[in-house]
Amino acid sequence: MSSLFLSTACKGGVRIISNNSASRWLSSTQLHRALPHTIDVISTSSKRSFSAQTVSADTPPFHKILIANRGEITLRIIRTAQQLGIQTVAIYSTADAKSLHVQMADEAVCIGPPASSDSYLDIEKVCEAIQLTGAEGVHPGYGFLSENSSFAERVEQLTVGNQSGDAKVKFIGPSTHAIQSLGDKIQSKLIAQAAGVSIIPGYNGVVTSPEHALEIAHDIGYPVMIKASSGGGGKGMR
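Numbering (this note's numbering) for the sequence shown: 299 to 536.
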């Protein structure tokens with residue numbers, strides 16, 4: 299059992315520093331091939347240490363994963379999976395039938411018409427694709443169902459047949475508890491506040507009307523930012 303330190307990735311590679319302080323760059327594929335057995339890896343970035351995790355160079359964590367997304371994030375996940383020897387399944391709407399992520403994946407399943415609500419956001423259709431293809435893991439990417447705790451919970455209720463028999467499907471992402479706690483921005487601020495973490499002053503409840511918003515803004519002081527309680531940043535901020 300050897301200890302290695304991986305610094306920040308750069309252009310698809312990582313700097314490997316072994317016990318004897320020797321240092322060299324390895325691509326993700328080279329890293330996978332270079333490790334003859336399971337090792338303990340401690341990742342460091344910007345002088346911040348993270349908890350150790352076990353990495354196996356012999357057996358990929360999944361035989362096949364389904365990516366419940368489209369576009370660039372799906373391409374990035376496919377490329378990484380290919381480097382690890384993991385087969386990939388793409389899902390797509392009829393509007394995306396000729397998209398690059400559909401062409402790059404090992405398998406592709408059409409899950410509905412162009413409207414996201416009838417395809418990428420339809421949990422049951424995505425789950426049908428998982429069971430149809432036998433994918434043991436599901437990566438949500440970002441957006442769409444990635445912050446939907448019901449989707450994560452539904453995925454992990456599934457069982458698929460694989461080379462080793464039946465396997466429980468794994469959601470490649472946060473736990474349902476984490477999604478529920480942090481997906482709602484009001485709840486996440488309350489959790490941070492209870493933990494003694496400094497938060498931006500504001501209103502930690504539900505704004506019920508424009509008049510209510512004005513009243514709160516006067517109490518806080520201007521300028522103020524209005525943010526939806528769910529979703530990420532970007533367009534949700536005004």
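Heads up, the beta-carbon is just placed ideally off N, CA and C, and yes, glycines get one too.
Within 10 Å of its beta-carbon, does residue i have 16 or more other beta-carbons around it, so buried, or fewer, so exposed?
| i | result |
| --- | --- |
| V387 | buried |
| D517 | exposed |
| S415 | exposed |
| T431 | buried |
| Y390 | buried |
| S528 | exposed |
| S444 | buried |
| I394 | Note that residue 394 corresponds to Asp in the displayed sequence, not to Ile. Classification of D394: buried, given that the 10 Å Cβ count is 16 or more. |
| G367 | In the sequence on display, residue 367 carries Asn and not Gly. Buried: at least 16 other Cβ atoms inside 10 Å. |
| H399 | buried |
| I524 | exposed |
| A413 | exposed |
| V407 | buried |
| A427 | buried |
| V424 | buried |
Less than 6 Å between C-beta atoms, sequence neighbours within five positions excluded: which residues of the same chain meet that for residue i?
| i | result |
| --- | --- |
| G435 | F360, I363, K468, I470 |
| E454 | F469 |
| S349 | Confidence at S349 is low in this model, with a pLDDT of 36, below 50, so its placement is unreliable and no value can be given for it. |
| A490 | I497 |
| A511 | V505 |
| P358 | L382, G383, I384 |
Ends of the alpha helix (DSSP H) at residue i?
| i | result |
| --- | --- |
| Q385 | From DSSP, Q385 is part of no alpha helix (DSSP H) but of the beta strand (DSSP E) over 385-391. |
| S450 | Sequence inspection shows Ala at residue 450; the Ser mentioned does not correspond to that position. Segment 447-453, the alpha helix (DSSP H) holding A450. |
| I369 | Per the sequence presented here, residue 369 reads as Gly, with Ile not at that position. Element bounds for G369: 369-381. |
Excluding five sequence neighbours on each side, which residues of the same chain lie with their C-beta closer than 7 Å to the C-beta of residue i?
| i | result |
| --- | --- |
| Q385 | H361, K362, D404 |
| S447 | T474, I477, Q478, G481 |
| M402 | L373, I376 |
| P411 | S391, T392, S417 |
| N460 | H361, G432, E434 |
| V522 | A515 |
| A379 | I363, T386 |
| R346 | A caution first: R346 carries a pLDDT of 35, below 50, which makes its placement in the model unreliable, though a value can still be read off. Nothing meets the Cβ criterion. |
| I371 | G439, Y440 |
| K487 | I497, N502 |
Starting from residue i, follow the beta strand (DSSP E) in both directions and report where the run begins and ends.
| i | result |
| --- | --- |
| T457 | 457-460 |
| K362 | 362-365 |
| A476 | First-last for A476: 474-481, but that is the alpha helix (DSSP H), not the beta strand (DSSP E). |
| A466 | One point to set straight first is that residue 466 is Lys, not Ala, in the sequence displayed. Element bounds for K466: 463-466. |
Using a Cβ-Cβ cut-off of 8 Å (strictly less than) and excluding sequence neighbours within five positions of residue i, which residues of its own chain qualify?
| i | result |
| --- | --- |
| A493 | none |
| P499 | I518 |
| G503 | I484 |
| I421 | L443, N446, S448, F449, R452 |
| D464 | T457, V458 |
| L419 | F442, L443 |
| I537 | Residue 537 cannot be examined here, being either before or after the span of the chain that is shown, 299 to 536. |
| P472 | A450, L480 |
Is the Cβ of residue i closer than 7 Å to any Cβ of chain D?
| i | result |
| --- | --- |
| D464 | The structure shown has no chain D; it contains just one protein chain. |
With a cut-off of 8 Å, do at least 3 Cβ pairs link the stretch 362-377 to the stretch 436-449? The stretch 362-377 is in contact with the stretch 436-449.
Which complete beta strand (DSSP E) runs does the stretch 404-443 hold, if anything under 3 residues is left out? Runs of the beta strand (DSSP E) lying entirely within the stretch 404-443 and spanning at least 3 residues, in chain order: 405-410, 435-437.
Mind listing, in chain order, the continuous alpha helix (DSSP H) runs of no fewer than 4 residues lying wholly within the stretch 491-530? Qualifying alpha helix (DSSP H) stretches, in chain order: 508-518.
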